[in-house]
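Notes follow the structure.
Residue numbers (UniProt numbering): 1 to 391.
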């Protein structure tokens, strides 16, 4: 099957929106652009963006796995790659989560410097090195690993009377992606291209999400510290939904675009409607990961993908989308590289983010749009000079 441009573009678009909403200073912009509170029954733009990215993680899995198989990888090698990638995402996610918890007095290092060194070390370890010797790669990766170990050893949180160390917590954004990727990738290895089997797994995670929200899984409470994200069902539900829809695309093919678009339109509308039906029992809440929120986000993702697919892959209107393509092809670099700039600026106290505190909402929003676009360009520049994360 030929490469579907929409997969890269929609992934890049969701990353652009993630950078945008993460940069917004919500005090001076409309509420519907940001995240809603945990107890609020509703959602804003930011409450869809991350689920949209998770959906695209699932859509890419069949293409990525089949690409490895075509290159001669065995099932065992593919499985090794899946676990290696998952562990990498969990490690980076936990480090990112803990950066804000550091107590500078106990650790002997400022929060900004600890975080900056952490991101630099991450790039050293997981960069895709090209055109340099194995010895140089060994040294650079070794420096990165040593840096992460050092930062982990000196990390302290809490107080002098009650010091703490690194916690897994909710695993951070990348950790959630890791758990979602693991669940969907394993589903694909088991169900392969089978729509029925994949659909049953989708329903399994939906059921787990519902039961978890109803607090009826107390018998599995002992597994929650390690496998809580899977038991809650919300994150796997979003990724497996993308996997399921990807299989529909693979079976219909771009040639049968009318059939695919019709199925997508019906499925997307049904997911949104079912999400609103479930609102009678579960509020729409990203923070709580409710099934109503998950299905509405899935429906939105399906409908947006169909629209972009028609525009890009069927009608060939691609010129406007070129700005998002680098982000879609270098998603991890695009997401993490801005943090190096953030912490560098905060350490120097340079007023780069002055636009956040302007009173005019339009100027605040424009500033964050420019920032997000600039970070996509920054990621593309890094890729050109040989800095590109690859797990």
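Backbone N, C-alpha and C define an ideal beta-carbon position, used for all residues, glycine too.
Keep in mind that this is a model prediction, so the values were computed, not measured.
- The residues 326, 327, 330, 333, 334, 337, in chain order, have a CB closer than 8 Å to that of residue 379 in the same chain once the five nearest residues on each side in sequence are set aside.
- Residue environment: residue 301 is assigned as buried (16 or more neighbouring CB atoms within 10 Å of its CB, all protein chains considered).
- Rounded to the nearest whole angstrom, the CA to CA distance from residue 155 to residue 223 is 27 Å.
- The beta carbon of residue 41 sits closer than 6 Å to the beta carbons of 283, 284 from its chain, once the five residues preceding and following it are set aside; these are given in chain order.
- If you keep only unbroken alpha helix (DSSP H) runs of at least 4 residues inside the stretch 245-326, you get 257-278, 291-309.
- For residue 375, the enclosing alpha helix (DSSP H) covers residues 361-384.
- The residue from 126, 193, 386 with its alpha-carbon nearest to that of residue 252 is 193.
- In the DSSP assignment, residue 94 falls within the unbroken alpha helix (DSSP H) covering 75-99.
- Judged by pairs of C-beta atoms under 8 Å, the stretch 58-75 touches the stretch 182-199, as three or more such pairs exist.
- In the structure shown, residue 44 falls within a coil segment according to DSSP collapsed to helix, strand and coil.
- Going by beta carbons, residue 248 and residue 195 fall inside the 8 Å limit.
- Separation of the CB atoms of residue 275 and residue 306 is rounded to 17 Å, and the pair is thereby denied contact status at 8 Å.
- If you keep only unbroken alpha helix (DSSP H) runs of at least 4 residues inside the stretch 162-209, you get 172-191.
- In this chain, residue 357 is not harboured by any alpha helix (DSSP H), its DSSP state being neither H nor E.
- Per DSSP, residue 110 lies in no alpha helix (DSSP H) segment and is marked neither H nor E.
- Between the C-alpha atoms of residue 352 and residue 213 there is a straight-line separation of about 42 Å.
- When C-beta atoms of the stretch 82-91 are compared with those of the stretch 309-318, fewer than three pairs fall below 8 Å, so the two segments do not count as touching.
- Per the coordinates, the alpha-carbon of residue 96 lies some 12 Å from the alpha-carbon of residue 120.
- With a threshold of 16 other beta carbon atoms within 10 Å, residue 56 meets it and is buried.
- Approximately 11 Å separates the beta-carbon atoms of residue 289 and residue 54; this is outside 8 Å, ruling out the contact.
- Annotation for residue 331: the continuous alpha helix (DSSP H) segment containing it runs 331-348.
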